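In terms of numbering that gives the first Met the number 0, the sequence shown opens at residue 0 and continues consecutively.
In this text, a Cβ means the ideal position worked out from N, Cα and C, and glycines have one as well.
If you're wondering where the values come from, they're calculated on a predicted model, not measured in any experiment.
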Amino acid sequence: MAITGEQGALNGAELGLSQAEPGDYFALLKPRVMSLVVFTAFVGMIIAPGTIHPFLGMVSILCIAVGAGASGALNMWYDADIDAVMSRTASRPVPAGRVGPSEALAFGLVLSAFSILTLGLLVNWLSAALLAFTIFFYVVIYTMWLKRSTPQNIVIGGAAGALPPMIGWACVTGSVSWESFVLFLMIFLWTPPHFWALALFKQGDYHKAGVPMLPNVAGVKSTKRQIFVYAIITALVGVLPYWMGFASAAYGILATGLGLGFVWYAYKVLRMSPADEKMKPAKAMFGFSLIYLFALFATLLVDGLTQGAGA
0 MAITGEQGAL NGAELGLSQA EPGDYFALLK PRVMSLVVFT AFVGMIIAPG TIHPFLGMVS
60 ILCIAVGAGA SGALNMWYDA DIDAVMSRTA SRPVPAGRVG PSEALAFGLV LSAFSILTLG
120 LLVNWLSAAL LAFTIFFYVV IYTMWLKRST PQNIVIGGAA GALPPMIGWA CVTGSVSWES
180 FVLFLMIFLW TPPHFWALAL FKQGDYHKAG VPMLPNVAGV KSTKRQIFVY AIITALVGVL
240 PYWMGFASAA YGILATGLGL GFVWYAYKVL RMSPADEKMK PAKAMFGFSL IYLFALFATL
300 LVDGLTQGAG A
């Protein structure tokens, strides 16, 4: 007797067989987040003092990318319940039913082990230890604990997303330094105002999911004030690479201008009218924050490549 495609799919589901396509596993890696991780890690490698063999450099970037993807897969495995009720995450592979929770868990664990061991064996164990800590911090400290328990989740949890440039630096030097710590701080301090701007116009989603984001717990006024304060601190730290001597004057000028813009957008959020239901200033700041961070790290990258070419 012939079996229709629908019957085959149902039988496969009953037998526990995966209906996922390769694209679903790629989506588990959170490619947009991974791209930012890879980019900032690459900048850390390029501006670090010293050199690394091109092959080991490619291995380093691959391992950091795979480690970031593993974190994303484990995050989606654990957060499938709240992802299912949020509009921006409901179509992810696990809540949509295209990838089973056990598959996502196994996928994330295998990729984690592969990335850490490969980085340690082929590059150095400090960078591997930092990568392992980053995965642990994002999955266990942020995803499993902070995200559902405190409105400061993104403040503390932001450390995971800020570590990649330090990992890249360690891949080249086998150490960390004040310069690499400044790169860490630039992302760490940028993360709260970036995500709180998003949380302002996604309050409904976070409320439905029961995630205690700052606007839902402390209120919109408090969130706007904290965004403004963090924006000022972020702008000041953004200029430090120039004042510490590992970035050019061009970077210093750009960082100053972009920092003033970041503060200006935060001020517009601070002055945002309660009647603005569409939260236009918050959406504008969220968009500008992406440009701000990318432009700073892109300029650092150009500085590093230029200095390397002139060496």
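Runs of the alpha helix (DSSP H) lying entirely within the stretch 24–52 and spanning at least 4 residues, in chain order: 30–46.
For residue 185, the enclosing alpha helix (DSSP H) starts and ends at 177–200. The DSSP assignment places 213–216, 219–237, 239–242 as complete runs of the alpha helix (DSSP H) inside the stretch 213–249, in order along the chain (cut-off: 4 residues). For residue 135, the enclosing alpha helix (DSSP H) covers residues 124–135.
Taking 8 Å as the cut-off, the beta carbon of residue 66 is found closer than this to the beta carbon of residue 134.
Ranked by Cα distance from residue 86, the first of 207, 75, 28 is 207. Counted as a single uninterrupted DSSP element, the alpha helix (DSSP H) harbouring residue 165 occupies residues 163–172.
Here DSSP, grouped into helix, strand and coil, assigns residue 147 to helix. Taking C-beta separations shorter than 7 Å and ignoring five residues to either side along the sequence, the partners of residue 118 in its chain run 59, 62, 126, 127, 130, following chain order. Between residue 196 and residue 281, the CB-CB gap stays under 8 Å.
Closest option to residue 43, judged by alpha-carbon separation, among 143, 97, 181: 181. Judged by pairs of C-beta atoms under 8 Å, the stretch 157–171 touches the stretch 37–52, as three or more such pairs exist. Annotation for residue 254: 237, 238, 241, 295 place their beta carbon closer than 7 Å to its own, counting only its chain and skipping 5 residues before and after.
Residue 102 sits in a helix when the DSSP states are folded into three classes.
In this structure, residue 142 sits near residue 77, with a CB-CB distance shorter than 8 Å.
Scanning 287, 147, 20, 136 for the CA closest to the CA of residue 210 turns up 147. Judged by DSSP in its simplified three-state form, residue 84 adopts coil rather than helix or strand.
If the five residues before and after residue 251 are omitted, its C-beta is found closer than 7 Å to the C-beta atoms of 238, 241, all from its own chain and listed in chain order. The DSSP-derived three-state label of residue 210 is coil. In this model, residue 32 and residue 293 are separated by some 13 Å (Cα to Cα). Between residue 69 and the set 99, 115, 290, the nearest pair of CA atoms involves 115. Residue 139 sits in a helix when the DSSP states are folded into three classes. Its Cα nearest to that of residue 230, the residue 265 stands out among 36, 22, 265, 149. Secondary structure at residue 275: coil, using DSSP grouped into helix, strand and coil. Pairing residue 226 with residue 192 gives a Cβ-Cβ distance under 8 Å. For residue 145, same chain residues with a beta-carbon under 6 Å away, outside a window of 5 residues either side, are 152, 155, 156 in chain order. Judged by DSSP in its simplified three-state form, residue 19 adopts coil rather than helix or strand. Nearest to residue 160 by alpha-carbon distance, out of 305, 39, 299, is 39. With a threshold of 16 other beta carbon atoms within 10 Å, residue 305 falls short and is exposed. Judged by beta-carbon spacing, residue 57 lies beyond the 8 Å limit of residue 27, meaning their Cβ atoms are not closer than that value.
Inter-residue distance for residue 89 and residue 34 is about 22 Å (C-alpha atoms, whole angstroms).
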